[in-house]
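Enquirer: Handing you this structure, nothing more for now.
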Amino acid sequence: MNRPSLLWKLYIAAFYVFLFAPLLVVAIFAFNASPFPSPPWRGFTLEWFTGTGAVFGKPGVLMDPIWLTSIGNSLKVAVPVALLAVLIGTVNAWVLERAEFRGKTLLAMMMLWPLVIPGVVLGISILAFFSRVANGLEEWLQRDLDFLRPGLSLVVLGQLSFILTISTLIIAARLRKFDRSLEEAALDLGASRARVLRTVTLPFLKPALIGAGLVALLMSFENFNTTLMLVGSDAPLPITMYGQMREGATPAINAVSLFLMLAVGGIASLFALTSKAEV
Amino acid sequence: MKSAQRLTLYLLLAPAILWLGLLIVLPHVEILILSFSERVAPRVYAYGAGNYLEFFTEPLYWRTFARTAIMSIFVTAITLVLAFPIALYIARVAQGRTKAMLLLLCLLPFWVSELVRTLGWMMLLRETGVVSYLLRAMGLADQPVELLYNDGAVILGLVYGGLLFMIVPLANALESLEPSVVEAGFDLGGSRWTVLRRIVIPHAMPGIVAGSIIVFMLTVGNFATPVLLGGKNGLWFTEQIYAQFITRFNWPQGAAFGMLLLLLSSIIVWAGLRLTRQSLGTTLRQA
Amino acid sequence: MAPSTDLDIVNVTKRFGSHAAVDDVTFSVAPGEFFSILGPSGCGKTTLMRMIAGFEHPSSGDIRIRGKSMIGVPANRRPVNMVFQSLALFPMMSVGENVAYGLTCRGVNRADAEERANRVLERVGLKGFGERRVTALSGGQRQRVAIARCLVLEPTLVLLDEPLGALDLKLREHMKIELKQLQGTFNTTFAYITHDQSEALVMSDRIAVMNQGRFEQVGSPRELYHNPTTPFVASFVGETNRWQGETVGETAGTTSVRLPSGAVLQGRGTASQPTALAFVRPEAIALAQGEVGLGGLPNRFEGRVSAVLFDGANSSLLITTPGFEEPIRAVLPQAGPLAGIEVGAPVHLGWAADAMKVFAA
Numbered sequence: 001m002n003r004p005s006l007l008w009k010l011y012i013a014a015f016y017v018f019l020f021a022p023l024l025v026v027a028i029f030a031f032n033a034s035p036f037p038s039p040p041w042r043g044f045t046l047e048w049f050t051g052t053g054a055v056f057g058k059p060g061v062l063m064d065p066i067w068l069t070s071i072g073n074s075l076k077v078a079v080p081v082a083l084l085a086v087l088i089g090t091v092n093a094w095v096l097e098r099a100e101f102r103g104k105t106l107l108a109m110m111m112l113w114p115l116v117i118p119g120v121v122l123g124i125s126i127l128a129f130f131s132r133v134a135n136g137l138e139e140w141l142q143r144d145l146d147f148l149r150p151g152l153s154l155v156v157l158g159q160l161s162f163i164l165t166i167s168t169l170i171i172a173a174r175l176r177k178f179d180r181s182l183e184e185a186a187l188d189l190g191a192s193r194a195r196v197l198r199t200v201t202l203p204f205l206k207p208a209l210i211g212a213g214l215v216a217l218l219m220s221f222e223n224f225n226t227t228l229m230l231v232g233s234d235a236p237l238p239i240t241m242y243g244q245m246r247e248g249a250t251p252a253i254n255a256v257s258l259f260l261m262l263a264v265g266g267i268a269s270l271f272a273l274t275s276k277a278e279v
Numbered sequence: 001m002k003s004a005q006r007l008t009l010y011l012l013l014a015p016a017i018l019w020l021g022l023l024i025v026l027p028h029v030e031i032l033i034l035s036f037s038e039r040v041a042p043r044v045y046a047y048g049a050g051n052y053l054e055f056f057t058e059p060l061y062w063r064t065f066a067r068t069a070i071m072s073i074f075v076t077a078i079t080l081v082l083a084f085p086i087a088l089y090i091a092r093v094a095q096g097r098t099k100a101m102l103l104l105l106c107l108l109p110f111w112v113s114e115l116v117r118t119l120g121w122m123m124l125l126r127e128t129g130v131v132s133y134l135l136r137a138m139g140l141a142d143q144p145v146e147l148l149y150n151d152g153a154v155i156l157g158l159v160y161g162g163l164l165f166m167i168v169p170l171a172n173a174l175e176s177l178e179p180s181v182v183e184a185g186f187d188l189g190g191s192r193w194t195v196l197r198r199i200v201i202p203h204a205m206p207g208i209v210a211g212s213i214i215v216f217m218l219t220v221g222n223f224a225t226p227v228l229l230g231g232k233n234g235l236w237f238t239e240q241i242y243a244q245f246i247t248r249f250n251w252p253q254g255a256a257f258g259m260l261l262l263l264l265s266s267i268i269v270w271a272g273l274r275l276t277r278q279s280l281g282t283t284l285r286q287a
Numbered sequence: 001m002a003p004s005t006d007l008d009i010v011n012v013t014k015r016f017g018s019h020a021a022v023d024d025v026t027f028s029v030a031p032g033e034f035f036s037i038l039g040p041s042g043c044g045k046t047t048l049m050r051m052i053a054g055f056e057h058p059s060s061g062d063i064r065i066r067g068k069s070m071i072g073v074p075a076n077r078r079p080v081n082m083v084f085q086s087l088a089l090f091p092m093m094s095v096g097e098n099v100a101y102g103l104t105c106r107g108v109n110r111a112d113a114e115e116r117a118n119r120v121l122e123r124v125g126l127k128g129f130g131e132r133r134v135t136a137l138s139g140g141q142r143q144r145v146a147i148a149r150c151l152v153l154e155p156t157l158v159l160l161d162e163p164l165g166a167l168d169l170k171l172r173e174h175m176k177i178e179l180k181q182l183q184g185t186f187n188t189t190f191a192y193i194t195h196d197q198s199e200a201l202v203m204s205d206r207i208a209v210m211n212q213g214r215f216e217q218v219g220s221p222r223e224l225y226h227n228p229t230t231p232f233v234a235s236f237v238g239e240t241n242r243w244q245g246e247t248v249g250e251t252a253g254t255t256s257v258r259l260p261s262g263a264v265l266q267g268r269g270t271a272s273q274p275t276a277l278a279f280v281r282p283e284a285i286a287l288a289q290g291e292v293g294l295g296g297l298p299n300r301f302e303g304r305v306s307a308v309l310f311d312g313a314n315s316s317l318l319i320t321t322p323g324f325e326e327p328i329r330a331v332l333p334q335a336g337p338l339a340g341i342e343v344g345a346p347v348h349l350g351w352a353a354d355a356m357k358v359f360a361a
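Chains as they are written, first to last, in the UniProt record's numbering: chain E, 1 to 279; chain H, 1 to 287; chain X, 1 to 361.
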């Protein structure tokens, strides 16, 4: 078993080619001087990144308001999602690891539940529920409650519904490894409860907090299924990409994708670094 | 002292209760209720199982549902077969840096958006795409070949999307197999095939179940891949839900479809766990 | 007038449900004393220590430090500091930051705290270690950092919760001596808990032997070893031979105990009940080749060596002796006529009445 056969090695090689082929194609054709994202190769250009549209009739990503607003919308969703995921995830982790109460096992199981619900179902259920709430409240208050209607705020809620599970799990796993005598030692040396939290517990959790935040940021930025059901007129990036892919896009979409890949690579290496820094 | 502790506990519990209550439990109660309401006249609804009856009487609906379920099982099986040699290599053959490298290379593509990956496959497979171009350039085809918009493309895209979620749990499970156990298997006269079948695969069973459950869930719930790679022939059940909710604005019908999808997904997860007597928690943690 | 004790435990009881982990314990520790609480695991010694540190609260009784009651005073306001079993060094801080932690909590400014930390580090033999990461230290160095972290605060009392437990044997022996010396140079009161009798005997001025939530006996190491007042102390502290029998007579301070086999032993102690326990230390058993060599010892027997347990200075012999159900343990003679004695050799053995402690069972 320790001597892999040639066939096996060839299979492994083929597998990795298969794995990276689509990504490579996307990246390469971002630089093709052609109005269509397809072969043949017509020469190198940066037009699809910075072009104004003078050459191919369509502007590059950084000049196109459609792409720029989409990226902006995605950030408007991803940043609050990441912050809330870390904040609430920390509280949840605390409840799971530190608190004692009846029904804790049930709660722990409930927290895992969102992971087995298809994203589309999460999306429609939140859409339907909040529409009912909005209808009821509007009738009662005689005011429009737009943030409960399809739109970015609802997308934030929809994404949180399952990203919270992930962030809770990441932070709870780290908290479980914490040696409680460190807290007692700090108290014993005269620190107040708040100081213990600030100087001992949170620094210990820091890698997990950063990790959970980055994962939440990424998952939010890339979520499609749940987001699709909850968007209003402001489309985040994946929704715009989906629309363009159905209609047939310019290589600008390849340029956007390349940015996404670079961002992922950057975040992944950040993540690797923080997890390596763990004590 | 006691009541202060109680208060702290309630404060700490509040976010979890709000999250699970407002974003999970109540919304699901809402679509359950919604799925049992029928439009009897414009803006007038009554309770009834009509939406579910509609599902069984309209062939397009239940056929799409059955097609989604069967193709998902098929995709899961292919993913398992393709992933097993990779996981085995990563867990048991590769050492040190190569091992870390191979695993990282597996992870990277899956951190990239599903849509970017699908875009890549579209660019490879479509009539004007890279594969078609290369086939013509090599003289293997004399006119453009359309490889997109068929079941093969859909399965390819779905398998690609599921691979990582199969490899990681498999590799984790295989990792824990004692090398001496494998050696003992050979020592006692087992062939490669016997050792694989009698020792390695049974040991990897928790990983196989975990990976299969996750891949199945992701596949059944997928939307973008079948729609974009299958085009009009994609016919995925999530698309029906989307159509009812967003295009036709028939929420009760869409809610019924949503409940059916949830039911399908839950039954498969539950059956998988029952068959191998594993708990959801440990399974998810493996992934 | 300054109180003459650093720590007073007065009738302290701690109940968990119906179980009393600490049951009506009273004792005092004098300034500068090295006081140990010795007991098997689960005897309540950790609970007692955690009550002194302020992590547990007594169900009843009082804990006073320098005469001031600590009831209701939270852990972070007590003038005691603890060296934890796991040491609990903060892994996210450097050695210097660990030692300065308590000072910065008190509001000492950074520069002063650092300087004082460095001074203490120097005194514990870790000069120039301030910048190191705690994870980069050896076991013994970590130990010293944990102690320095307490001593820098000049506490009234330092609590040590089996801090040597995780060290290997050689280092443990070394740290015993080092701890004792540190305590001497800083002249701080130490309260030390352990299940290891050798640690307690070597380092302590006084030891309390604890069993099932109660103190069995408090005394100097020598007192405990030579004059145990309860059967538990007699068997828990040090090696000993232990026999059960029946009291058959008590004359002029000598108690006679008859073993089930009929053999009668002479010892000291009062046995108020018919069943008695008799204890004799291995080193109190005299060995000779012939009966003459044992002179006028009241307890004299003849046996055969059944095993030689060689362990350097702690070597012993097991001697199968008619009349005793189990072999008698004696110290292996490594000089004189019996040096080099082998398994199977016949040997005469005996002990004085003073060497045998008799207790009611």
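Virtual Cβ for every residue (Gly too), placed ideally from N, Cα, C. This one's a predicted model, so the numbers in the text were calculated from it and none came from an experiment.
Quick one: is Gln286 (chain H) near chain E, going by C-beta distance under 7 Å?
Expert: Low local confidence applies: a pLDDT of 46 at Gln286 (chain H) is under 50, so the model's placement there is unreliable, and no value is given.
Enquirer: Can you give me the start and stop residues for the beta strand (DSSP E) that Val25 (chain X) sits inside?
Expert: His19 to Val29
Enquirer: Going by alpha carbons, who is nearest to Val116 (chain H) out of H:Ala224, H:Ala204, H:Arg248 and H:Asp187?
Expert: Residue nearest to Val116 (chain H) within the set H:Ala224, H:Ala204, H:Arg248 and H:Asp187 is H:Ala224 (criterion: CA-CA distance).
Enquirer: Taking all protein chains shown into account, do 16 or more other C-beta atoms lie within 10 angstroms of the C-beta of Leu152 (chain E), making it buried, or fewer, making it exposed?
Expert: Label assigned to Leu152 (chain E): buried.
Enquirer: Lys14 (chain X) CB to nearest chain E CB: under 7 Å?
Expert: no
Enquirer: So Gly254 (chain H) packs on Ile241 (chain H), CB below 8 Å; how close in whole Å?
Expert: Right, the Cβ-Cβ distance comes to about 5 Å (below 8 Å), so this counts as a contact.
Enquirer: For Ser38 (chain E), which residues of its own chain have a beta-carbon under 8 Å away from its beta-carbon, when the five flanking residues on both sides are left out?
Expert: Phe29
Enquirer: Closer than 7 Å, CB to CB, is Trp41 (chain E) near chain H or not?
Expert: no
Enquirer: Taking Pro22 (chain E) as the query, report the chain H residues whose CB atoms sit under 7 Å from its CB, ordered along the chain.
Expert: Arg117, Gly120, Trp121 and Leu124
Enquirer: Mapping the DSSP letters down to three states, classify Ser72 (chain H) as helix, strand or coil.
Expert: helix
Enquirer: Taking 8 Å as the cut-off, does the stretch 169-188 of chain X touch the stretch 208-226 of chain X (at least 3 CB pairs, one atom from each stretch)?
Expert: The stretch 208-226 of chain X is not in contact with the stretch 169-188 of chain X.
Enquirer: Kindly say whether Arg106 (chain X), judged by its beta-carbon, lies nearer than 7 Å to any beta-carbon of chain E.
Expert: Yes, contact with chain E.
Enquirer: Please report the distance separating the alpha-carbon of Ile214 (chain H) from that of Ser180 (chain H).
Expert: 31 Å
Enquirer: Mark Ala330 (chain X) as exposed unless 16 or more other C-beta atoms lie within 10 angstroms of its C-beta, in which case mark it buried.
Expert: Looking at its Cβ environment, which holds 16 or more other Cβ atoms inside 10 Å, Ala330 (chain X) is buried.
Enquirer: Looking only at C-alpha atoms, which of X:Gly102, X:Asn76, X:Ser94 and X:His57 sits nearest to Val22 (chain X)?
Expert: X:His57
Enquirer: When you compare only the Cα positions, how much space is there between Gly262 (chain X) and Gly67 (chain X)?
Expert: 56 Å
Enquirer: Round the Cβ separation of Pro35 (chain E) and Thr250 (chain E) to the nearest angstrom and send it over; I've been treating them as touching at under 8 Å.
Expert: The C-beta separation of Pro35 (chain E) from Thr250 (chain E) comes to about 6 Å, placing the pair in contact by the 8 Å criterion.
Enquirer: Please go through the same chain and pick out, in chain order, the residues whose beta-carbon is closer than 7 Å to the beta-carbon of residue 294 (chain E), but skip the five residues on each side of it.
Expert: What is shown of chain E runs 1 to 279, which leaves residue 294 (chain E) out entirely.
Enquirer: Going along chain E, which residues have a C-beta under 9 Å from Ser212 (chain H)?
Expert: Going along chain E, no residue has its Cβ under 9 Å from Ser212 (chain H), so there is no contact; the nearest lies around 14 Å.
Enquirer: Would you say Ala185 (chain E) faces chain X, with C-beta separation under 7 Å as the test?
Expert: yes
Enquirer: Excluding sequence positions up to five away, which residues of its chain have a Cβ less than 8 Å from the Cβ of Arg193 (chain E)?
Expert: Leu187
Enquirer: Please classify Phe309 (chain X): does DSSP put it in a helix, a strand, or coil?
Expert: One point to set straight first is that residue 309 (chain X) is Leu, not Phe, in the sequence displayed. Of the three classes helix, strand and coil, the one that applies to Leu309 (chain X) here is strand, per DSSP.
Enquirer: 7 Å is my cut-off, CB to CB: does Glu278 (chain E) come that close to chain H?
Expert: Note that Glu278 (chain E) has pLDDT 45, beneath the 50 cutoff, so the model's placement of it is unreliable and no number is given.
Enquirer: Go through the stretch 209-237 of chain E residue by residue and report every complete run of the beta strand (DSSP E) that reaches 3 residues or more, in order.
Expert: none
Enquirer: Assign Phe249 (chain H) to buried or exposed, taking buried as 16 or more other Cβ atoms, counted over all protein chains shown, within 10 Å of its Cβ.
Expert: exposed
Enquirer: What number of angstroms, rounded off, separates the C-alpha of Leu157 (chain E) from the C-alpha of Lys99 (chain H)?
Expert: 39 Å
Enquirer: Show which residues of chain X have a CB atom less than 9 Å away from the CB atom of residue 280 (chain E).
Expert: No answer is possible for residue 280 (chain E): it lies beyond the span of chain E, which begins at 1 and ends at 279.
Enquirer: Can you give the Cα-Cα distance for Val202 (chain X) and Thr230 (chain X), rounded to whole angstroms?
Expert: Using only the alpha carbons, I get a separation of about 21 Å.
Enquirer: Between Ala361 (chain X) and Ala286 (chain X), is the Cβ-Cβ spacing less than 7 Å?
Expert: no
Enquirer: At 7 Å on the CB atoms, spell out the chain X contacts of Leu182 (chain E), in chain order.
Expert: Ala88 and Phe90
Enquirer: Check whether the Cβ atoms of Val233 (chain X) and Val209 (chain X) sit closer than 7 Å, and answer yes or no.
Expert: Yes, Cβ-Cβ distance for Val233 (chain X) and Val209 (chain X) is below 7 Å.
Enquirer: Using three-state DSSP, classify Phe101 (chain E) as helix, strand or coil.
Expert: coil
Enquirer: Would you verify that the beta carbon of Tyr192 (chain X) is, or is not, closer than 7 Å to some beta carbon of chain E?
Expert: no
Enquirer: Let's test the definition: count the other Cβ atoms within 10 Å of the Cβ of residue 288 (chain H) and tell me whether it reaches 16, buried, or not, exposed.
Expert: A query on residue 288 (chain H) cannot be resolved here, the shown segment of chain H reaching from 1 to 287 and no further.
Enquirer: Check whether the stretch 118-132 of chain E touches the stretch 27-37 of chain H, counting contact only when three or more Cβ pairs, one atom from each stretch, lie closer than 8 Å.
Expert: yes
Enquirer: Helix, strand or coil for Trp41 (chain E)? Go by DSSP, reduced to three states.
Expert: coil
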